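A short write-up of the structure that comes next.
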Amino acid sequence: MNNNFIEIIQSLYSDLSIEDFYPNEIGQNNDVFIVNKSLVFRFPKYKNGINQLRRETEILKYIKGIISTPIPNPIYQSFEELKPGKVFTGYNLIDGVPLWKESLTGVNSVELVKGLAKQLVSFLVELHSISGEKASRDLKLKVRNPLEEMYSLYDKIQNNVFPFIRSDAQKEISQSFETFLGKAFSNLDITFIHGDFGASNILWNPETSMISGIIDFGGSGLGDPAYDFAGILSSYGEDFLDMCINLYPNGDEIFERVKFYKSTFALQEALHGIENGDRQAFEDGIKDYR
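The sequence shown: position 82 = 82 (full-length UniProt numbering), numbered continuously.
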């Protein structure tokens, strides 16, 4: 099977000499391969993944000149024949390993931890500097209204996930959503956001304690900047979030929204499991609510 992927790449890029080629991970939506220990190729498994990869490729090209942190730069691509197995992108492998919570906890200098917080916030400040209006115009992206999104999510959770949730937890979830939806957040600044800003997509070099890159812009688009900080809270906890919020312009104004968004993550995972027949995602998301 791997030979098919090699042939497809070589048919378009005959000057690329492929010496070794191995699967990198079992991706949910993509087959991912490392070529020559230096290139990452992604092949969408499904039709809807093709549209997502094309959109992600456009986004990466657009933000490349704005972001100073290394991000994937698709130098190889094929969107001629829009079929799974034929469509791909390829980019130079970004050095580094995911900055897991255990890795952060193992950093024994407060100054180095502050340095990591500063680098992450610098990335978010650059990304969030792209206004919703500008990105919508340049990339034809739909502006996501956070309140409408949360109304829709609440509705889906009530209809699909509540039957599996114990009654006291249902009441807590309802109260949390209704409090959030009742707030006047109409003047929210909509900006460009990463959309999945968690540990697995933040790469670092443990020897230098430097962020080496940010990956996976598949969920990127227009939304509430607080959503990206919810990813930090979910991955690293409140102390590190506080450090980041204090470095972000007017960070205290987004704190309440950050905590709310984070509270929805497990429920979103359970919902994803139900909607896509993914038993593991459902179990992971629902376990604290049974």
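By construction, the Cβ of each residue, glycine as well, lies at the ideal position given by its N, Cα and C atoms. Computed from a predicted structure; not experimentally measured.
For this session: Pick helix, strand or coil for asparagine 36, following the three-state DSSP scheme.
Result: coil
For this session: Report the three-state DSSP secondary structure of tyrosine 76 (helix, strand or coil).
Result: strand
Exercise. Under three-state DSSP, which class holds glutamate 25?
Worked result: Residue state, collapsed to three classes: strand.
Exercise. Okay, do the stretch 76-85 and the stretch 3-23 touch, 3+ Cβ pairs below 8 Å being the bar?
Worked result: yes
Exercise. Does the distance from the C-beta atom of phenylalanine 33 to that of proline 44 stay below 8 Å?
Worked result: no
Exercise. How far does the alpha helix (DSSP H) with phenylalanine 282 in it reach, from first residue to last?
Worked result: Counted as a single uninterrupted DSSP element, the alpha helix (DSSP H) harbouring phenylalanine 282 occupies residues 279-286.
For this session: List the residues that DSSP assigns as beta-bridge partners of glycine 195.
Result: In DSSP, glycine 195 forms no bridge with anything.
Exercise. Who does phenylalanine 202 pair with in a DSSP beta bridge?
Worked result: Sequence inspection shows isoleucine at residue 202; the phenylalanine mentioned does not correspond to that position. Beta-bridge pairing links isoleucine 202 to Ile214.
Exercise. Cβ atoms of isoleucine 214 and threonine 105: under 8 Å apart, would you say?
Worked result: Result no, Cβ atoms of threonine 105 and isoleucine 214 do not sit closer than 8 Å.
Problem set entry | Nearest-angstrom beta carbon gap, histidine 128 and isoleucine 193 [assumed within contact, 8 Å] | 7 Å
Exercise. How far does the alpha helix (DSSP H) with phenylalanine 265 in it reach, from first residue to last?
Worked result: 255-276
Problem set entry | Neighbourhood of phenylalanine 180 by C-beta, 6 Å cutoff - its chain only, sequence neighbours within 5 removed | Phe260
Exercise. DSSP on arginine 42, reduced to helix/strand/coil?
Worked result: strand
For this session: Go ahead and pull the three-state DSSP assignment for glycine 115.
Result: helix
Exercise. Looking at C-alpha atoms only, which residue of Ser235, Leu39, Arg55 and Met150 is the closest neighbour of tyrosine 91?
Worked result: Of Ser235, Leu39, Arg55 and Met150, the residue nearest in Cα terms is Leu39.
Exercise. Once you ignore the five residues that flank alanine 199 on each side, which residues in its own chain have a CB closer than 8 Å to its CB?
Worked result: Taking alanine 199 as the centre and dropping the five residues before and after it, the same chain places the C-beta of Pro98, Leu99, Trp100, Lys101, Ser235 and Tyr236 closer than 8 Å to its C-beta, in chain order.
For this session: Report all residues from its chain with a CB closer than 8 Å to the CB of asparagine 30; omit the five preceding and five following residues, and keep chain order.
Result: Arg42, Phe43, Pro44, Lys45, Gly49 and Leu53
Exercise. Excluding sequence positions up to five away, which residues of its chain have a Cβ less than 8 Å from the Cβ of proline 249?
Worked result: If we look at proline 249 and ignore the five residues flanking it on each side, its Cβ neighbours are Val125.
Exercise. Does the Cβ-Cβ distance between leucine 120 and isoleucine 202 come in under 8 Å?
Worked result: yes
For this session: Measure the C-alpha to C-alpha separation of proline 74 and arginine 290 and round it to an integer number of angstroms.
Result: 43 Å
Problem set entry | Neighbourhood of asparagine 36 by C-beta, 7 Å cutoff - its chain only, sequence neighbours within 5 removed | Ile18, Glu19 and Asp20
Exercise. With burial defined as no fewer than 16 other Cβ atoms inside 10 Å of the residue's Cβ, what is the status of arginine 166: buried or exposed?
Worked result: exposed
Problem set entry | From Ala226, Gly218, Thr208 and Ala169, residue whose alpha carbon lies closest to that of glycine 115 | Thr208
Exercise. Which of the three DSSP states, helix, strand or coil, is assigned to serine 14?
Worked result: coil
Problem set entry | Burial state of phenylalanine 197, where buried means 16 or more other Cβ atoms lie within 10 Å | buried
Exercise. How would you write the range of the beta strand (DSSP E) that threonine 89 sits in, first residue to last?
Worked result: 88-92
Exercise. Which two residues bound the contiguous alpha helix (DSSP H) that contains glycine 132?
Worked result: First-last of the alpha helix (DSSP H) with glycine 132: 132-139.
For this session: Would you decide whether arginine 279 is buried or exposed? Buried here means 16 or more other CB atoms lie within 10 Å of its CB.
Result: exposed
Exercise. When the Cα of isoleucine 211 is compared with those of Asp242, Asp95, Glu58 and Phe240, which residue comes out closest?
Worked result: Asp95
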